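Undergrad: Residue 399 in UniProt numbering sits at position 399 of the sequence shown, and the numbers go up by one each step.
I'd like to ask some things about the structure below.
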Amino acid sequence: MPSVVFVFSDVKGLQYVSMRITSVNVCTRRDERRLDPIDLTLTSPWKKRNLHPHVAPNPCTPFEFHSNLSPNSIEQLHFSNLKTGSSSTASSGIKKRFNMETSTCPPGIIQYSCIIDSLCKRKRFVEALKLFTEMKRKGVSPNVVTYTCLIHGLCSIHSWDEALELLSEMHARNVSLNVHTFSILLDALCKEGRITEAESLLSLMIQIGVTPNTVTYNSLIRGYCLLGKMDVARKLFDSMVDQRCTHSVISYNILIKGYSENKKIDEALSVFHEMCNEEIVPSLVTYNTLIIGLCQAGRFEEALLLPYEMKSHGLTPDISTYNTLLDALCNNTKLDEALKFFDSMIDQGYTPSVMSYNILMKGYSENEKIDEALNLFSKMSKNGVNPNVVTYNTLISGLSHAGRLEEARMLSSEMKSRGLKPDIVTFNTILNTLCKNGKLDEARSLFNTMDDDGVVPDIVTCNCVIDGMCKSGETDDAYGMFLSLSSRGLQPNVRTYNIMIDGLCKASELDKANTLFLEMKANGCSADEITYKIMVQGFIRAKQTTRAIEFINGSLNGNVWADMKKLLNGCCPPMDQKILSSSN
């Protein structure tokens, strides 16, 4: 017999208790001991101890409800469990209540809606839909909140059709549709490029008397921008004023981004100036979007001025702003300017992130300045910035392209010693270099260790090894690996076929190559110009020019056919030359 027993007449306040007291104990012990209920208020003492319900470390476990508990008390317990992330606990509680034949407080719409929302946010959609079906079977009618929670969840996993079905069900059940529900669906459809359906939804929305708001218009404008329909997007943007809808900073950002991504930077700048004239303060997103657009248009001087303009509007450029500019300079081989800009970041008090270093190192590596990249790597460590997998992959790639394979492999080992796991990019880079340098045995050995590191080979990996085998004259092994791709769950792409067909042609296995070419098309992989050139060159190498003409005649046209014809000119005997000149 415990020395102290707490008995509550109501579970209100249990959400404030941070001890392992469960509603099972509270509700059942009163019956077991036949004790009179004692009203205790825990709220005030807990407040005095500065405890908050959200920080309770042990949310209530599944409860067995007493028939005399009030619905409000139960709702508070459910809500507490949801707040602390225990959607399964709350859901279990509801199920237990249904097993109580004498229960006077069955779960209501609020409880169901809260749990369904919580399950959707945790991507547990099967459970959410099951509970939704169950509530309807139990006679609890879903309301606009219930439907909206489910629609939002379904849209987040791109289940647009199911979400639209729920909207139709709402309409059929005469559930009041609101602007929030419509906006969620509209936004999802627009992001998917299903603008026609979004327009139909807008028409229905207006037809039943729901007024679109700024969020609704923003979604549609974004949808038109994604499809490159900037004139329509601009027209809709302008019409917002007529509909008494205020332009928000997000509205302007969407339009600016649309113009920038559609290579209309002058129009984007024009919208930016309109925004300032309307006294709408640009955000960091506004400036970062413009910087990207200006850099893509090659207008670096204007882009470099924007961080200073940001400061005049009371905004502080973030590291993303500087990284965007740094990346643009490197991508356009302006490495000297990039380094100066990098140093100016530090002078202005900004600490470059690992991404900042990676961007500059990538710029050096891709422009055959691997030593400069390695020097930067050394400075990075001294400045207390820890390299990541991308850092090592960048340097390994640079060293590999420079033919410095041993240094690349040393970096791979160093990477592991730092607790970083090589990823598929690391393996593919080293494998490609080994195969290109004829070190096939080492490549095979590395390929076989991938599983030990928990890295699954992809089609790029297999392409590297198949190519290495073909170039080393091991065509049979290469073909064997090619045939094993399906068992690995991989689908050969056009590069895979080109490598294998080229290997077979060079091994004088033209019939096998031609069969593979036909299989390629049958498997839905379209041959490209390289494929045709490989086949034609194979026939020419075997001095089968007539067969080469038959292969391309009627299959190609335009520039590709002209290139094939150039390959054949001078290789054909007189009779074939005559056939060639009369072809196409």
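Heads up, the beta-carbon is just placed ideally off N, CA and C, and yes, glycines get one too.
The model shown is predicted, which means the values in this text are computed figures rather than measured ones.
Can you check which of these residues, Val210, Leu405, Pro107, Leu395, is closest to residue 645 by C-alpha distance?
TA: With the chain covering 1 to 584 only, the question about residue 645 has no answer from this structure.
Undergrad: Between which two residues does the alpha helix (DSSP H) containing Glu279 stretch?
TA: Careful: Glu279 lies outside any alpha helix (DSSP H) and carries neither H nor E.
Undergrad: Quick one: using the 10 Å Cβ neighbour count with 16 as the cut-off for buried, is Ile430 buried or exposed?
TA: The residue in question, Ile430, is buried, as its Cβ has 16 or more Cβ neighbours within 10 Å.
Undergrad: For Ile208, I'd like the list of residues in its chain whose CB is within less than 7 Å of its CB, leaving aside the five on either flank, ordered along the chain.
TA: Hits under 7 Å: Leu177.
Undergrad: Contact between the region 333 to 343 and the region 305 to 313: three or more CB pairs below 8 Å?
TA: Cβ pair count under 8 Å is below three, so no.
Undergrad: Can the beta-carbon of Met230 be found less than 8 Å from the beta-carbon of Asn262?
TA: Cβ atoms of Met230 and Asn262: closer than 8 Å.
Undergrad: Which residues in the same chain have their Cβ closer than 6 Å to the Cβ of Gly468, if we skip the five residues on either side of it in sequence?
TA: Closer than 6 Å at the Cβ level, and outside the excluded window around Gly468, lie Cys435, Leu440, Ala443.
Undergrad: Going by CA-CA distance only, name the one from Leu504, Val460, Leu483 that's closest to Arg495.
TA: Nearest C-alpha to Arg495: Val460.
Undergrad: Pull up the distance between the alpha-carbon of Leu226 and that of Ile256, whole angstroms please.
TA: Approximately 12 Å, taken between the alpha carbons.
Undergrad: Based on Cα-Cα distance, which residue from Tyr364, Asn332, Tyr357, Asn432 lies nearest to Gln296?
TA: Here the closest residue by C-alpha is Asn332.
Undergrad: Whole angstroms are fine: how far does the CA of Pro352 sit from the CA of Asn383?
TA: Using only the alpha carbons, I get a separation of about 10 Å.
Undergrad: Please check the pair Val354 and Pro387, which I expect to be a contact at CB under 8 Å, by giving their CB distance rounded to whole angstroms.
TA: So it is a contact: roughly 7 Å between Cβ atoms.
Undergrad: Rounded to the nearest angstrom, what separates residue 622 and Glu279 at their Cα positions?
TA: With the chain running from 1 to 584 in the structure shown, residue 622 is simply not present.
Undergrad: Give the single residue among Ile499, Val456, Cys464 whose Cα lies nearest to the Cα of Gly489.
TA: Ranking the options by Cα distance to Gly489, first place goes to Val456.
Undergrad: Taking Ile116 as the reference, give the member of Leu150, Gly139, Asn493 with the closest Cα.
TA: Out of Leu150, Gly139, Asn493, Leu150 has the C-alpha closest to the C-alpha of Ile116.
Undergrad: Less than 8 Å between the beta carbons of Gly293 and Ser260, yes or no?
TA: Cβ distance < 8 Å, so Gly293 and Ser260 count as in contact.
Undergrad: Please list, in chain order, all residues of the same chain as Asp576 whose beta carbon is under 7 Å from its beta carbon, the five residues on each side excluded.
TA: Bear in mind that a pLDDT of 48 at Asp576, under 50, signals an unreliable position, so the number given afterwards is only what the model happens to contain. Closer than 7 Å at the Cβ level, and outside the excluded window around Asp576, lie Thr545, Thr546, Ile549.
Undergrad: Go through its chain and collect everything with a Cβ distance to Glu302's Cβ below 6 Å, but skip five positions before and after it.
TA: Only Leu294 meet the Cβ criterion.
Undergrad: Would you call the CB atoms of Ile184 and Thr148 closer than 8 Å?
TA: Result yes, Cβ atoms of Ile184 and Thr148 sit closer than 8 Å.
Undergrad: Exposed or buried, which one is Asn277 when buried takes at least 16 other CB atoms within 10 Å?
TA: Answer is exposed; the Cβ neighbour count stays below 16.
Undergrad: Is it buried or exposed for Arg97, if we count other Cβ within 10 angstroms and need 16 for buried?
TA: Confidence in Arg97 is poor, its pLDDT being 47 and thus under 50, which makes the residue's placement unreliable; the coordinate value appears in the next sentence. The residue in question, Arg97, is buried, as its Cβ has 16 or more Cβ neighbours within 10 Å.
Undergrad: For the alpha helix (DSSP H) containing Ile396, name the first residue and the last one.
TA: First-last of the alpha helix (DSSP H) with Ile396: 389 to 401.
Undergrad: CB Leu510 to CB Ala542, shorter than 8 Å?
TA: Yes, they are a contact pair.
Undergrad: Of all the beta strand (DSSP E) runs that stay within the bounds of the region 130 to 162, which reach a length of 3 or more residues?
TA: Listed in chain order, nothing qualifies, since the region 130 to 162 has no complete beta strand (DSSP E) run of 3 or more residues.
Undergrad: Tell me, to the nearest whole angstrom, how far the beta carbon of Gly473 is from that of Ala513; I am working on the premise that it is less than 8 Å.
TA: That pair is no contact at about 16 Å.
Undergrad: Would you check if the distance between the CB atom of Cys190 and the CB atom of Ser219 is smaller than 8 Å?
TA: It is a contact, given that the beta carbons lie within the stated cut-off.
Undergrad: Please classify Ala172 as buried or exposed, where buried requires at least 16 other C-beta atoms within 10 Å of its C-beta.
TA: Burial call: exposed.
Undergrad: Between Tyr287, Val281, Ser283, which has its C-alpha nearest Leu269's C-alpha?
TA: Closest option to Leu269, Cα to Cα, is Tyr287.
Undergrad: Residues in its own chain within less than 8 Å of Phe517 by CB, not counting five upstream and five downstream?
TA: Excluding positions up to five away in sequence, the list reads Tyr497, Ile501, Ala527, Thr531, Met535.
Undergrad: Output yes or no for whether 8 Å exceeds the beta carbon distance between Thr394 and Asn358.
TA: Taking 8 Å as the Cβ cut-off, Thr394 and Asn358 qualify as a contacting pair.
Undergrad: Give me the Cα-Cα distance between Glu127 and Ile109, rounded to the nearest whole angstrom.
TA: Those two C-alpha atoms are separated by around 17 Å.
Undergrad: What are the start and end residues of the alpha helix (DSSP H) that includes Val456?
TA: Segment: none, Val456 is in no alpha helix (DSSP H) and carries neither H nor E.
Undergrad: Taking C-beta to C-beta, are Leu360 and Leu376 nearer than 8 Å?
TA: It is a contact, given that the beta carbons lie within the stated cut-off.
Undergrad: Can you find a CB in chain D that lies within less than 8 Å of the CB of Ser183?
TA: Given the protein chain composition of this structure (a single chain), no chain D is represented.
Undergrad: Should Asn493 and Cys462 be called a contact, given that it needs their Cβ atoms to be closer than 8 Å?
TA: Contact: no.
Undergrad: To the nearest angstrom, how far is the alpha carbon of Lys264 from that of Thr133?
TA: For Lys264 and Thr133, the distance between alpha carbons rounds to 49 Å.
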